[in-house]
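Under full-length UniProt numbering, the first residue of the sequence shown is numbered 1, with each subsequent residue one higher. C-beta: ideal position from N, C-alpha, C; glycine also. All of these numbers come straight from a predicted model, not from anything done at the bench. Take a look at the structure below.
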Amino acid sequence: MSTSDWSLPETAVFDRIRTTLDDDTAAVLATVIAVDGSAYRRPGAKMLIRPDGGGAGSITAGCLEDEVRALAADVLADDSPRVETWDLTGDDDVWGLGIGCNGVITVLLEPLDESHHPVVDARGAGDAIGVATVVSDEPELDLAVGDRAYYEPADGFADGTGFPAAVLDELEDPTRTLVATGKSETLTVETDAGRVEVFVDGVRPPPDLVVFGSGHDVEPVVELANRVDFRVTVVSFRGGRADDDRFPRADGVVSASPREIPDLREWNADTYAVVMSHNFLDDRLALERLLETPIEYIGIMGPQKRFEEMREEFAAENRPITDAELKRIYTPIGLSLGGDAPYQIALSIVAEVVAVANDRTAQHLSRRGGPIHDRTERD
1 MSTSDWSLPE TAVFDRIRTT LDDDTAAVLA TVIAVDGSAY RRPGAKMLIR
51 PDGGGAGSIT AGCLEDEVRA LAADVLADDS PRVETWDLTG DDDVWGLGIG
101 CNGVITVLLE PLDESHHPVV DARGAGDAIG VATVVSDEPE LDLAVGDRAY
151 YEPADGFADG TGFPAAVLDE LEDPTRTLVA TGKSETLTVE TDAGRVEVFV
201 DGVRPPPDLV VFGSGHDVEP VVELANRVDF RVTVVSFRGG RADDDRFPRA
251 DGVVSASPRE IPDLREWNAD TYAVVMSHNF LDDRLALERL LETPIEYIGI
301 MGPQKRFEEM REEFAAENRP ITDAELKRIY TPIGLSLGGD APYQIALSIV
351 AEVVAVANDR TAQHLSRRGG PIHDRTERD
């Protein structure tokens, strides 16, 4: 597996999983199911491993990948899943010699099979789904490692899962929360008939970024946003070139007027907008229409003075921007990184969108109290 395969966005990893399933190629899916302490990735991180050396995705910064690949061969040979734990905190073993991330990492390794299709199908269709996978044998409940049930936000757990009703009842509420937040966690379920550990993977489609503009500075934003797993749509105004060749890394390119914005797509909390047409009138009209949608991030290229002129025009039209609306508007767009080259500017924009999408206030990690990654309530 090349370095570029290791660093693929999650969407590309799921695409590789789908292709491998469609081609009926033997492979193993390794998934981080628990982390105690620090680690490069959090629960839910996935790595596809093929016996020919191919694959995609990452579960660590590289310190465990070779070990995981060796175990994957055993998983394929046995045709059965297994759970392995690595303690990277000690001083006496090879994994404690400054190689790891000073945490305990537990990984589920499974032969890739048809039971993974509902997950890739849901994500590919833009739907959220919960996947509950047994990670400890429990004969009393007739459950074994690898048994799986699926959860859909509108319908709950599907019928015919093979899970006892008492287990599904205990999983219902935490699974709903994990799917809504896109988080993953291993849960211990206690019933009168026995105790079982279940990894619940909240899988959500990638967030959407809509970029308004067609100038040369749009492509770096599109490229970086694509690499950090946004689905990117470019909207070109006033006869600007709007075709796939102009923005090859975009998921979609359309031409529209600012007045058509509300009808372009479904606007929701997982959608973010970047306005960078460099045309004052188009940008002002785009802002007006975007404020009619429920999205929480509207980034506008340009200096503060330019935005104040927009506000004056809004007020002159008896449509002042409210305090609540101001909280949704980010202008000048981007984080203060100090660079002015195209990719430096694009990085500041995309970094800000990532921070907002992760409900973070951007700052130096050295000044952040607590762990780098957010923890679940049980961590």
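{"Check": "Boundaries (first-last residue) of the beta strand (DSSP E) holding M47", "Outcome": "K46 to I49"}
{"Check": "Through-space distance from G182 to residue 380, alpha-carbon basis", "Outcome": "Because the chain is modelled from 1 through 379, residue 380 falls outside the range shown and cannot be assessed."}
{"Check": "From E140, L347 and E65, residue whose alpha carbon lies closest to that of P220", "Outcome": "L347"}
{"Check": "Integer-rounded CB distance, given that D229 should sit under 8 Å from residue 391", "Outcome": "Past the boundaries of the shown model lies residue 391; the chain is included only from 1 to 379, so the question cannot be answered."}
{"Check": "Nearest-angstrom beta carbon gap, V274 and I345 [assumed within contact, 8 Å]", "Outcome": "Not quite, the Cβ-Cβ distance comes to about 11 Å (not below 8 Å), so this is no contact."}
{"Check": "Counted within 10 angstroms of its Cβ, other Cβ atoms place D92 as buried (16 or more) or exposed", "Outcome": "Note that D92 has pLDDT 47, beneath the 50 cutoff, so the model's placement of it is unreliable and no number is given."}
{"Check": "Span separating the alpha-carbon of residue 380 from that of L8", "Outcome": "The question about residue 380 has no answer here: the residues shown for the chain are numbered 1 through 379."}
{"Check": "Coarse secondary structure for Y40, derived from DSSP in three states", "Outcome": "coil"}
{"Check": "Cβ pair count under 8 Å reaching 3, the segment 202-218 against the segment 254-271", "Outcome": "yes"}
{"Check": "CB contact flag (P43, G146, <7 Å)", "Outcome": "no"}
{"Check": "Supposed close pair A61, G103 - CB separation, criterion 8 Å", "Outcome": "Actually they do not touch by this definition, with Cβ atoms about 12 Å apart."}
{"Check": "Distance cut-off 6 Å: N318 Cβ against heavy atoms of the ligand ATP", "Outcome": "By its list of ligands, the structure shown contains no ligand whatsoever, and the ligand ATP lies outside what it can speak to."}
{"Check": "CA nearest to the CA of A180, picked from D127, G160, N226 and F199", "Outcome": "D127"}
{"Check": "Separation of E110 from residue 380, as counted between CA atoms", "Outcome": "There is no way to answer for residue 380, as the model of the chain reaches only from 1 to 379."}
{"Check": "Status (buried if at least 16 other CB within 10 Å, exposed otherwise) for G202", "Outcome": "buried"}
{"Check": "Short Cβ contact (7 Å threshold) for P258 with R238", "Outcome": "no"}
{"Check": "Residues bridged to P118 (per DSSP)", "Outcome": "Partner(s): none; P118 has no beta bridge."}
{"Check": "Reduced DSSP secondary structure (H/G/I, E/B, other) of T11", "Outcome": "helix"}
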